[in-house]
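*Asks:* Residue numbers (this note's numbering): 1 to 248.
Ideal Cβ placement from N, Cα and C applies to all residues, glycine included.
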């Protein structure tokens, strides 16, 4: 009697084990084959600047009367305007900001006194870098040496779109090669995202944007440095993540 019960229990356990193995195998076999691939595409380009904004800083002081400081300031404005006319700079590319005055303290022979100072910035935009160099040299030769320049690229949006096309093409090329390794092919694009998994369409990086308004150059009243210009180059980069669906 004991033998029969033991044999029955063994058969039942064996039967349950067979069922469990069959279910596991069926589950494994029913899992779909992974048919998607995620690829990174990137592109970059070095673009020389073709625009520049030159800032002329005007500042004059007088210890006697603020009117004298502003009078000297006005005379400098007139001289500057005459020089800009010589360079034939379009009026829409010249912007005189409002002059400001300030009263401060000065010490002369141990005596404290007042000091009146004027400030003004004049912004000159150039679409021709050779004209910029000529204007810079003319201003420096005539005593306007407090200068700074900001270089930029006029067709920045065009560059970004061109790099985006290159990055997408690069991702397509990579995905095609990887699909061939599994003897499959690309079926369609499922999703395009930026490299940080944000909601943005693509990631754009301008490595010069950390500087103020692209790329500034200060001349620090150094007349020799103002005569020699270093070519300004900007590196633009685009990176995208593209998810592709593969054929079965």
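#1: What residues in its chain sit with their C-beta under 7 Å from that of residue 186, if we drop five residues either side in the sequence?
#2: Please classify residue 39: is it buried, with 16 or more other beta-carbons within 10 angstroms of its beta-carbon, or exposed?
#3: Between which two residues does the beta strand (DSSP E) containing residue 45 stretch?
#4: In the DSSP assignment, the alpha helix (DSSP H) including residue 166 goes from what residue to what residue?
#5: What residues are listed by DSSP as bridge partners for residue 141?
#6: Run through the segment 73 to 98 for me and flag every whole alpha helix (DSSP H) of 4 or more residues, listed as ranges in chain order.
#7: Please report the distance separating the alpha-carbon of residue 138 from that of residue 56.
#8: CB residue 234 to CB residue 150, shorter than 7 Å?
#9: Which residue comes first and which comes last in the beta strand (DSSP E) that contains residue 194?
#10: Span of the beta strand (DSSP E) holding residue 235?
#11: Have a look at residue 119 and residue 100 and give me their C-alpha separation to the nearest angstrom.
#12: Would you mind reading off the limits of the beta strand (DSSP E) that contains residue 62?
#13: Report back the beta-carbon spacing between residue 95 and residue 61 to the nearest angstrom; my notes put them in contact at under 8 Å.
#14: Going along the chain, which residues of its own chain have a beta-carbon closer than 6 Å to the beta-carbon of residue 102, five neighbours each way excluded?
#15: Evaluate the contact criterion for the segment 35 to 53 versus the segment 159 to 170: three or more CB pairs, one atom per stretch, below 8 Å.
#16: Check residue 153 in the structure and name its three-state DSSP category.
*Replies:* Reading it off the structure:
#1: 175, 176, 179, 244, 246
#2: By the beta-carbon neighbour count (other beta carbons within 10 angstroms, threshold 16), residue 39 is buried.
#3: 36 to 48
#4: 156 to 181
#5: DSSP lists no partner for residue 141.
#6: none
#7: 12 Å
#8: no
#9: 186 to 194
#10: 233 to 246
#11: 5 Å
#12: 51 to 62
#13: In fact, because the Cβ distance is near 24 Å, the residues do not count as touching under 8 Å.
#14: 117
#15: yes
#16: coil
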